[in-house]
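Only one structure is covered here, and it is reproduced in the block below.
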Amino acid sequence: MEVPILKQGLYLIASIQSALTDADLSQLREALIERVGKFRARGVIVDVTALDVMDSFAVRTLRDIAHMARLRGAETVIVGIQPEVAFAMVQLGLTLKGVSTALDLEEGLAFLDRQAQDRVERTRGRIIRG
Amino acid sequence: MAEELLVPITSDLDVVSARQKGRELAAVAGFSSGDQTVIAAAISEIARNILMYAKRGEISLRTVLNGDLDGLVVVARDLGPGIPDVARALQDGYSTSGGLGLGLPGARRLMDDFDVVSAPGKGTTVTMKKWRRRHA
């Protein structure tokens, strides 16, 4: 089950539609990292609303995606973790430390916009001071 | 009542299928959707362990009655290499596979009863149960 990846402006949006096998998750990781370069994306959103379970492999893969994308110059935000899924994750001891999350797609986009804005302001600040 | 559902585990597709069947059975047995997700997550971890360490095995699912409690019993069996040190394997962060080392201890936290029987060269059997109080 391949996860569709949409391009919206400078962002890539991966919208998970159903339960994923480990192989599907690994495939998603490769595809996203490849496309960050291909489309010169600055942000990645992974929508996990439809994910039935977030187990240790899924969390590890999402963490890898976020870290690898950052190394390629793109910020990642995971959106749509359902309440029951969050509960089970905490019990399992899974934290997604170092990975940004947002309630839903809308909040995720707003988060990436803010990040981009901050980057612009930081750059301007440096130019003025310099 | 105690009809057993057997799911062979030989690929990562079976891991998904096992946790989905576990969730369905939990729903039929009256578990809340929160508990269904918890049970599915525990099955996912245990089923992946079978795949990772033993390559193949099976998961059996059934419901049981115990007084005024309804239970869901998950048994994961394999004939793989076994766990040399079960106590250690139940510690957070201990892994011999390069994983997060949260599978076994995490599944134990998710379920109410958890039991591991394993001997080197003889395989591993993990039995885990979730209980709910029956209303009316």
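Heads up: the sequence lines are chains A and B, in that order.
According to our numbering, the first sequence is numbered sequentially starting from 5.
According to our numbering, the second sequence is numbered sequentially starting from 150.
We put the beta carbon where it would ideally sit given N, CA and C, even for glycine.
These numbers were taken from a predicted model, which means no experiment stands behind them.
Using a C-beta to C-beta distance shorter than 8 Å, which residues of chain B count as neighbours of residue i?
{"i": "G97/A", "result": "D241, L251, P254, G255, R258"}
Please go through the same chain and pick out, in chain order, the residues whose beta-carbon is closer than 6 Å to the beta-carbon of residue i, but skip the five residues on each side of it.
{"i": "R44/A", "result": "none"}
{"i": "S209/B", "result": "E153, L155, V224"}
{"i": "D227/B", "result": "I199, A203, G206, G272, T273"}
{"i": "G252/B", "result": "E194, N198"}
{"i": "D264/B", "result": "T276"}
{"i": "I232/B", "result": "A238, S267, T273"}
{"i": "D28/A", "result": "M5"}
Keeping to the same chain, check which residues put their C-beta closer than 7 Å to that of residue i; ignore five residues upstream and five downstream.
{"i": "A175/B", "result": "D184, Q185, I188, L221"}
{"i": "K170/B", "result": "L154, V156, L210"}
{"i": "F260/B", "result": "Correcting the residue identity first, residue 260/B is Met in this sequence and not Phe. For M260/B, where only same-chain residues beyond five positions count, the Cβ hits under 7 Å are A191, M277, K278, K279."}
{"i": "R282/B", "result": "D217, L218"}
{"i": "A35/A", "result": "I9"}
Grab me the residues of residue i's own chain with a C-beta within less than 8 Å of its C-beta, minus the 5 sequence neighbours each way, in chain order.
{"i": "P8/A", "result": "A18, S19, Q21"}
Please report the Cβ distance between residue i and residue j, rounded to the nearest whole angstrom; I am assuming they are in contact, meaning their Cβ atoms lie under 8 Å.
{"i": "Y15/A", "j": "I49/A", "result": "6 Å"}
{"i": "T65/A", "j": "S104/A", "result": "About 16 Å; that fails the 8 Å criterion."}
{"i": "Q240/B", "j": "P254/B", "result": "6 Å"}
With DSSP as the reference, please indicate the residues paired to residue i in a beta bridge.
{"i": "L218/B", "result": "N215/B, R282/B"}
{"i": "T274/B", "result": "R226/B, V266/B"}
{"i": "A18/A", "result": "I9/A, V50/A"}
{"i": "S209/B", "result": "L155/B, V224/B"}
{"i": "A106/A", "result": "V83/A"}
For a contact defined as C-beta to C-beta under 8 Å, what are the partners of residue i on chain A?
{"i": "E194/B", "result": "D59, S60, L96"}
Quick one: which chain B residues come within Cβ less than 7 Å of residue i?
{"i": "V124/A", "result": "By Cβ distance, chain B contributes nothing, its closest Cβ being about 37 Å from V124/A, past 7 Å."}
{"i": "A23/A", "result": "V165, Q169"}
Using a C-beta to C-beta distance shorter than 9 Å, which residues of chain B count as neighbours of residue i?
{"i": "F91/A", "result": "G183, T186, V187"}
Output, in chain order, the set of chain A residues within a Cβ distance shorter than 7 Å of residue i.
{"i": "L162/B", "result": "T25"}
{"i": "A190/B", "result": "V57, D59, A92, L96"}
Kindly provide the ranges of any beta strand (DSSP E) runs that are 3 or more residues long and lie completely inside the region 51–101 of chain A, ordered along the chain.
79–83
Enumerate, from N- to C-terminal direction, the unbroken alpha helix (DSSP H) stretches of 4 or more residues contained entirely within the region 229–253 of chain B.
235–238
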